[in-house]
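Residue numbers (the working numbering): 74 to 842.
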């Protein structure tokens, strides 16, 4: 708070000056950052110190809104506006928007976690906020990305910042700019009051002159008052000549002339205009800058984790990297130095594992030690002691089956006990009480399951699977075939299927993603039917045309695989062996070199079949959103998600052999009938889909396979080979998911379009609706 003179007279008040100091070049700003890091002392007192901070934000908001309303009224009355006031009026919507954003992005609990300063003059102030004020002060609020990066990097050469501080940095910059705007608005309003004071003084002179009295000039110490007075005196002529002489005499006492005062006032207005313009422009920069990229360019933890011996960390997407950084935050003490040490310790653990095994082993990836099975050892290395809630969650995860079933049983017993108690209050007999409990057993169990699942969703947040981003496309080692197992029943149906296949490909074009129809003929009384040849020829010609039209010169993008009918004694008809399950099983064997499958027709380049690593199976009415296939492959190729097959147990025990995306229904299909509207749930394709809670995935680490998803061919074959007798299993999805281990990827969505015939059949089966 700096004492300055008010408008006139000898009355003095305290006014906060705008944040202005010596303007520094980028090199001197770096020196200033290092000096700040050396002089800032952090407080050891971790008691909440947020009251004054948020009170100041409220006060700044009030002052800026008052200034806006006041200056807007001046515009309506046609009053003079300083250039800085025009900047504020024209861009106040941006200021309001950023204030709302700051309130949303900076909860009190977050601010309390930020390290605070200890010195008396800055006690309780967040370190990053003090840094932001200092940067604004020495740049006059003119910010750019290069300057921000170099300032932060220079500071951290002396004192590393925490991850939380780096994320709070853009918010603190906005707050510092808003603080400076408030001070500039105060200065603008003071100048306005000075000019209004000069107008009132001249009006008093005019009134006094009519009575033959001349008012003495005030003790002028404000340039805005003096300039306004000098400008308006021309309107009053000889009446104010004594006042003008007195004003000039007083200015002369300070070594100034009227021209000097006018020049100083206009220079001040120009300086204020530049400062307000810089603040507004910098606020706009803060609103548009990609802060996630900025964060990673200045984070020391990020730089440490990028030393991952497996060279996987840098190829992951941003949210996966952020999950690793959150794990570092959880394991480390709340200081920048401690977080860097934990990150380096995780990298060192991965390096030691790579030396023992190979860089391809999942333990050679830093994520194995931060969020995988190597986490307990890392916790011992960094002396981490989990809090009680974390220990309870870990206990529930280790004993998931017992906790889940036990909780359902306990809630069910409580509900039944409540029912028996109510029956006893009604003087029911023992037999009636037992009958009531028996009748309520099923509904009580259903209610208990719903309650427990809701509790799990509240206590265990959904975990997004880590993934590679695949910027350069799908790698050769992850070549994938998108297949549609289907029946060829009509020429029109085949044409619609080919059109659907083309749409899938256009939304997921990649040199190493291929598309195929796995076809069967409908069940029949003979091995061949008269219409078979026309159906097969339509499919053949359609695949050849798609290859020529969508990717000229390529013959491996689209494929047709078709099986011959076989006699099934159990069904008493000629049909495709084991229907859809057999179709996929034989296809897996075919691309691994088997020659004894019932596939008799293949259209497409056969040379790529042996390189297929993953198969993405869809239904004929399933839509695959843009780049969804690449995102699924990015998850499957991440080291922590790669399946580990236990030869003794004959199933996948770590990682996942199958990835099941979330499946929804199109809006058009959901509106087809009341039945569809009731059971379709939330509809529509959401391009911003995020992970949602699922009891089984969150608690057990596994999901439920529903037949549409991506699977690892080798793991799938190994886990299911020889497990199913012929003609013994029709609904195979859940069985396959249990042995190949499936993950629910709820942030990637597939969309089903139910045929009208299905909805019509459902409606007929529920006439009561």
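We put the CB at the ideal spot given by N, CA and C, even for glycine.
- request: Between the Cα of residue 479 and those of 248, 220, 518, spot the shortest distance and give me the residue it belongs to.
  value: Comparing Cα-Cα distances from residue 479 to each of 248, 220, 518, the minimum goes to 518.
message: For a test of the three-state rule: what should DSSP assign to residue 760, helix, strand or coil?
response: Because residue 760 sits at a pLDDT of 47, beneath the cut-off of 50, its placement in the model cannot be relied upon, and the point is left open.
- request: Ignore the nearest five residues each way along the sequence and tell me which others in residue 355's own chain have a CB closer than 7 Å to its CB.
  value: Once the five neighbours on either side are set aside, the close Cβ partners of residue 355 are 214, 215, 216, 250.
message: Within 10 Å of its beta-carbon, does residue 468 have 16 or more other beta-carbons around it, so buried, or fewer, so exposed?
response: So residue 468 ends up on the exposed side.
- prompt: Which residue or residues does DSSP assign as beta-bridge partners of residue 816?
  reply: Residue pairing of residue 816 in beta bridges, as defined by DSSP: 732.
query: Of the residues 309, 376, 370, 301, which one's Cα is nearest the Cα of residue 331?
result: For residue 331, the nearest C-alpha among the options comes from 301.
Whole-angstrom distance between residue 496 and residue 760, CA atom to CA atom: Only weak support exists for where residue 760 lies, its pLDDT of 47 falling under 50; the value from the coordinates is given anyway. Each residue's alpha carbon lies about 52 Å from the other.
message: If contact is defined by three or more beta carbon pairs under 8 Å, each pair taking one atom from either stretch, is the segment 555-567 in contact with the segment 516-533?
response: With fewer than three CB-CB distances shorter than 8 Å, the segment 516-533 does not count as touching the segment 555-567.
- request: Kindly indicate which residue of 193, 154, 146, 247 has the alpha-carbon position closest to the one of residue 178.
  value: Here the closest residue by C-alpha is 247.
message: If distances are taken between C-alpha atoms only, which option among 510, 804, 583 comes closest to residue 549?
response: Just measuring C-alpha positions, the residue of 510, 804, 583 sitting nearest residue 549 is 583.
- prompt: Applying the criterion that 16 or more other CB atoms from any shown protein chain within 10 Å of the CB defines a buried residue, is residue 841 buried or exposed?
  reply: Interpretation of residue 841 is limited by its pLDDT of 31, a score under 50 that renders its predicted location unreliable; the figure taken from the coordinates is listed afterwards. Exposed: under 16 other Cβ atoms inside 10 Å.
task: Look at the Cβ atom of residue 767, then the Cβ atom of residue 722, and state whether they are nearer than 8 Å.
output: Result no, Cβ atoms of residue 767 and residue 722 do not sit closer than 8 Å.
query: Which of the three DSSP states, helix, strand or coil, is assigned to residue 591?
result: In the structure shown, the three-state DSSP call for residue 591 is strand.
- prompt: Which residue from 677, 688, 678 puts its Cα closest to that of residue 25?
  reply: A question about residue 25 goes unanswered here, because the residues of the chain that appear run from 74 up to 842.
message: Assess contact between the segment 235-244 and the segment 194-202, defined as three or more Cβ pairs (one per stretch) separated by less than 8 Å. Is contact present?
response: Cβ pair count under 8 Å is three or more, so yes.
query: With C-beta atoms as the reference, is residue 765 less than 8 Å away from residue 535?
result: Less than 8 Å separates the beta-carbon of residue 765 from that of residue 535.
message: So, under 8 Å CB-CB, residue 416 and residue 377 are touching, yes? Tell me the CB distance rounded to an integer number of Å.
response: The pair is a contact, with the Cβ atoms about 4 Å apart (cut-off 8 Å).
- prompt: Do residue 705 and residue 734 have their C-beta atoms within less than 8 Å of each other?
  reply: Annotated as proximal: residue 705 and residue 734, with beta-carbon spacing under 8 Å.
- prompt: Does any residue of chain B bring its CB to less than 8 Å from the CB of residue 385?
  reply: No chain B is present in this structure, which holds just one protein chain.
field: Candidates 823, 372, 596, of which the one nearest residue 228 by Cα
entry: Residue 372 holds the alpha-carbon nearest to the alpha-carbon of residue 228 among 823, 372, 596.
Of the residues 182, 769, 815, 240, the one placed nearest residue 785, counting alpha carbons only: Measuring C-alpha to C-alpha distances from residue 785 to each of 182, 769, 815, 240 identifies 815 as the nearest.
- prompt: What do you reckon, are the CB atoms on residue 539 and residue 404 nearer than 8 Å?
  reply: In this structure, residue 404 does not lie closer than 8 Å to residue 539 by Cβ.
query: With 16 as the cutoff for other CB atoms within 10 Å, does residue 172 come out buried or exposed?
result: Buried: at least 16 other Cβ atoms inside 10 Å.
query: Can you pull the DSSP bridge partners for residue 639?
result: Paired residue(s): 648.
query: Using CA coordinates, which residue listed in 701, 732, 671 is at the minimum distance from residue 716?
result: Taking only the C-alpha atoms, the option nearest residue 716 is 732.
message: Which residue marks the beginning of the alpha helix (DSSP H) containing residue 771, and which one marks its end?
response: Annotation for residue 771: the continuous alpha helix (DSSP H) segment containing it runs 768-773.
- request: Using alpha carbons as the reference points, say which of 747, 803, 822, 720 lies closest to residue 812.
  value: Comparing C-alpha distances from residue 812 to each of 747, 803, 822, 720 shows the shortest one belongs to 720.
- prompt: Out of curiosity, what's the CA-to-CA distance linking residue 406 and residue 176?
  reply: Cα to Cα, residue 406 sits roughly 27 Å from residue 176.
- prompt: For residue 236, does the three-state DSSP call read helix, strand or coil?
  reply: DSSP places residue 236 in helix when its eight states are reduced to three.
- prompt: In terms of residue numbering, what span does the beta strand (DSSP E) encompassing residue 675 cover?
  reply: Element bounds for residue 675: 672-676.
Outcome for residue 685 when other beta-carbon atoms lying within 10 angstroms are tallied against a minimum of 16: The residue is buried, with at least 16 neighbouring Cβ atoms inside 10 Å.
- request: Give me the Cβ distance between residue 231 and residue 111, rounded to the nearest whole Å; I'm assuming they're in contact under 8 Å.
  value: Contact between residue 231 and residue 111 is confirmed by a C-beta separation of about 6 Å, below the 8 Å threshold.
query: Is residue 91 helix, strand or coil when you go by DSSP?
result: DSSP places residue 91 in coil when its eight states are reduced to three.
task: Would you mind listing the alpha helix (DSSP H) stretches within the segment 305-367 that are 4+ residues and don't spill past its ends, in chain order?
output: Uninterrupted alpha helix (DSSP H) stretches at least 4 residues long and entirely within the segment 305-367 occur at 314-326, 331-361, given in chain order.
- prompt: Which residue from 128, 820, 159, 222 puts its Cα closest to that of residue 143?
  reply: Checking every option, the nearest Cα to that of residue 143 belongs to 159.
- prompt: Looking only at its own chain, which residues have a Cβ that is under 8 Å from the Cβ of residue 359, when we skip the five neighbours before and after it?
  reply: Excluding the 5 residues flanking it on each side, residue 359 has same chain C-beta neighbours closer than 8 Å at 171, 216, 243, 246, 247, 250, in chain order.
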